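Report on the structure given below.
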Amino acid sequence: MNSNIMKNTSNRFSVNKIAAIVMMLFSLQFLNAQSTKQDALVLYQNGKYHEAVMVCEDELKNSPNRIESYVVMCWALVKNKQYAEAEQRATEGLEISPYDLRLIEILGEAKYYLGKNTGALEQFQKYVASAPESAARIGSVYYFMGEIYIRQARYQHADIAISSAVKKEPLLDSWWVRLGYTREMAGNYFEAIAAYDEALRLNSSSIEASRGRERVSAKLK
């Protein structure tokens, strides 16, 4: 009787031990899978744009309405200069979430690089109308708008847009150069010199700023 009890107890301990080992192995496998799963945003931030797109594609297969995957994918596609693909996927994302400012902005960028000035400007204007002034991309959006106005030879509009851009991000000498060029083309020579001077203050070796200042100075003589 006692030996049977001991045998049954031993068997129960063995079964429980095996079950515990199986659960532990399962948990370790799960944790390992979680740790090796690639994060699309981290890949994007590390400049691995193609890999980030692939991860986002996989995420969307499992969760077709996952907006974060659309956003990171479109950022990566633009960085990888796949502008047509970025335009398409951003448009798809906006069908799911029409007011997502990140997708509105990146769609504007995709259209900008594709030369679709009217469409790009429409997206950027939507962004500016809704985004807070503290938004991370607001300066870049104003700058893109200015570049579009330059393409369209609407230099006064470009001056307003790029002036807004440099107020948000005043340390980019290349933006000050473009502001100087815009003012130069509009015939606002003294204001152009001020912009070129600021570019040179930030970057004394800027050839574009030096040449622009020389051109404008010659016109004022």
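Okay, so the sequence shown: first residue is 56 according to our numbering, each after it adds one. Note that CB positions come from ideal geometry on N, CA and C, so glycine has one too. These numbers come from a predicted model, not from an experiment.
- Every unbroken alpha helix (DSSP H) within the segment 153-197, with a cutoff of 4 residues, ordered by chain: 156-168 and 172-185
- Query: Taking the continuous alpha helix (DSSP H) assigned at R121, which residues delimit it?
  - Reply: Here R121 belongs to no alpha helix (DSSP H), and DSSP marks it neither H nor E.
- Straight-line Cα distance separating Y198 from R121: 30 Å
- Item | N- and C-terminal bounds of the alpha helix (DSSP H) containing A249 | Per DSSP, A249 belongs to the alpha helix (DSSP H) from Y244 to L257.
- Item | Closest Cα partner of A208 within the set E188, V183, T237 and S219 | T237
- Task: Could you give the DSSP three-state label for L234: helix, strand or coil?
- Result: It is helical.
- Item | Where R209 sits in the DSSP three-state scheme | coil
- Assumed close pair G235, A220 - CB separation to whole angstroms, cut-off 8 Å: G235 to A220, Cβ: 13 Å. No contact.
- Message: On a Cα-Cα basis, can you pick out the residue from A139, Y138 and Y182 that is closest to R157?
- Response: Y182
- Query: So, are the CB atoms of L169 and E147 less than 9 Å apart?
  - Reply: no
- Message: Is E106 a contact residue of the ligand ATP, with contact defined as CB to any heavy atom under 8 Å?
- Response: Among the components modelled here there is no ligand, and therefore nothing to report on the ligand ATP.
- Query: Buried or exposed: where does R192 fall if 16 or more other Cβ atoms within 10 Å of its Cβ makes it buried?
  - Reply: buried
- Inter-residue spacing [alpha-carbon to alpha-carbon] between E188 and K223: Between E188 and K223, the C-alpha separation is close to 9 Å.
- Query: Taking the alpha-carbon positions, what's the A145 to K276 distance?
  - Reply: 50 Å
- Who are the Cβ neighbours of L115 in its own chain at under 7 Å, not counting the five residues just before and after it? A distance below 7 Å between beta-carbons, with the five flanking residues on each side excluded, links L115 to the following residues of its chain, in chain order: R121 and S124.
- Which residues mark the beginning and the end of the alpha helix (DSSP H) in which S272 is found? For S272, the enclosing alpha helix (DSSP H) begins and ends at I262 to L275.
- Query: When you compare each of E106, P119, S118 and Y154 to L132 by their alpha carbons, which one comes out closest?
  - Reply: E106
- Taking just the CA atoms, how far does E263 sit from L176? In this structure, the CA atom of L176 is about 26 Å from the CA atom of E263.
- Task: For my contact list, I248 and V271 are in at a C-beta cut-off of 8 Å; report their separation, rounded to the angstrom.
- Result: 5 Å
- Message: Less than 6 Å between C-beta atoms, sequence neighbours within five positions excluded: which residues of the same chain meet that for L149?
- Response: L158
- Query: Among the residues of its own chain, which have a CB less than 6 Å from the CB of I151, if the five just before and after it don't count?
  - Reply: So the list reads N120, once near-sequence residues are dropped.
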